[in-house]
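In what follows, a single structure is set out as structure tokens and then discussed.
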Amino acid sequence: MNEVKKSIPNILTITRILLAVGCTYYAFKHDKWSLKISLGLFLLASFTDFLDGYLARKWNTTTNFGKITDPIADKLLILGVLFSFSMKEVVPFLFTIIIAFREVILTFIRLVLAPKKIVIASVSSGKFKTFSQILCLISIYLILIFIKPLTEKYGIKAVHLTIYILVIWMVIVTIYSGIEFFILNKRAIKKLM
Numbered sequence: 001m002n003e004v005k006k007s008i009p010n011i012l013t014i015t016r017i018l019l020a021v022g023c024t025y026y027a028f029k030h031d032k033w034s035l036k037i038s039l040g041l042f043l044l045a046s047f048t049d050f051l052d053g054y055l056a057r058k059w060n061t062t063t064n065f066g067k068i069t070d071p072i073a074d075k076l077l078i079l080g081v082l083f084s085f086s087m088k089e090v091v092p093f094l095f096t097i098i099i100a101f102r103e104v105i106l107t108f109i110r111l112v113l114a115p116k117k118i119v120i121a122s123v124s125s126g127k128f129k130t131f132s133q134i135l136c137l138i139s140i141y142l143i144l145i146f147i148k149p150l151t152e153k154y155g156i157k158a159v160h161l162t163i164y165i166l167v168i169w170m171v172i173v174t175i176y177s178g179i180e181f182f183i184l185n186k187r188a189i190k191k192l193m
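For the sequence shown, the tail end lands on 193 under our numbering, and the numbers increase by one without skipping.
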């Protein structure tokens, strides 16, 4: 039974990676039905992330595979959608690059330090950042899916402004959690040099 408990979070992580790829593909197609499919995959992937973490904590099971692939799966999901939206000029590329830079650097640091058994402190703002990113992207999906009635009711400028505000919030929370990460882990990060 222990082997089954250890493998379930890993299976969920692999599933999340596959869902992230599908989610990005359909987000890039960018028609109304593709966005609905992409949103469905995004919601399912987000749920598997929650379930994966919940089961790993409940069963106290962590694997080296999970330590490496779990953060990668999360980044693939968020960044894949952001880059798709940037390619379709929904989200400014600069904001996507800022978010991607933070995510890639911190994931790289974690992956390099993990085999050395150097403990990296989790930052409370990291969970809030992930929650904010997911919530903002779901909101953007819904705006894009219902863009015609929203534009008719509020005007295109209001719709674009709403998306812009959501993305700025994502950038602010992402930068803040990155700064907190570096402050709390400066000793561990110095071991990289």
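For glycine and all other residues, C-beta sits at the position ideal for the given N, C-alpha and C.
It should be emphasised that the depicted structure is a prediction, and the values quoted were computed from it without experimental measurement.
**Request:** Whole angstroms is fine: what's the gap from residue 30's alpha carbon to residue 89's?
**Result:** Near 11 angstroms, if we compare the C-alpha coordinates of residue 89 and residue 30.
**Request:** Classify residue 123 as buried or exposed, calling it buried when 16 or more other Cβ atoms lie within 10 Å of its own Cβ.
**Result:** Looking at its Cβ environment, which holds 16 or more other Cβ atoms inside 10 Å, residue 123 is buried.
**Asked** Below 8 angstroms between beta carbons: does that hold for residue 128 and residue 173?
**Response** Yes.
**Asked** Quick one: what's got a C-beta closer than 8 angstroms to residue 116's C-beta in the same chain, skipping five residues either side?
**Response** Once the five neighbours on either side are set aside, the close Cβ partners of residue 116 are 191.
**Request:** Using the Cα positions of residue 3 and residue 72, report the straight-line distance between them to the nearest angstrom.
**Result:** Straight-line spacing of the CA atoms in residue 3 and residue 72 works out to 23 angstroms.
**DSSP state of residue 123 mapped onto helix, strand, coil** = In this structure, residue 123 counts as coil in the three-state DSSP scheme.
**Message:** Given this structure, state the Cα-to-Cα distance separating residue 94 from residue 87, to the nearest angstrom.
**Reply:** Roughly 12 angstroms separates the two Cα atoms.
**Prompt:** With a CB to CB cut of under 7 angstroms and the five nearest residues on each side skipped, what residues in its chain are close to residue 111?
**Reply:** Within the same chain, and ignoring the five residues on either side of residue 111 in sequence, the residues whose Cβ sits closer than 7 angstroms to its Cβ are 68.
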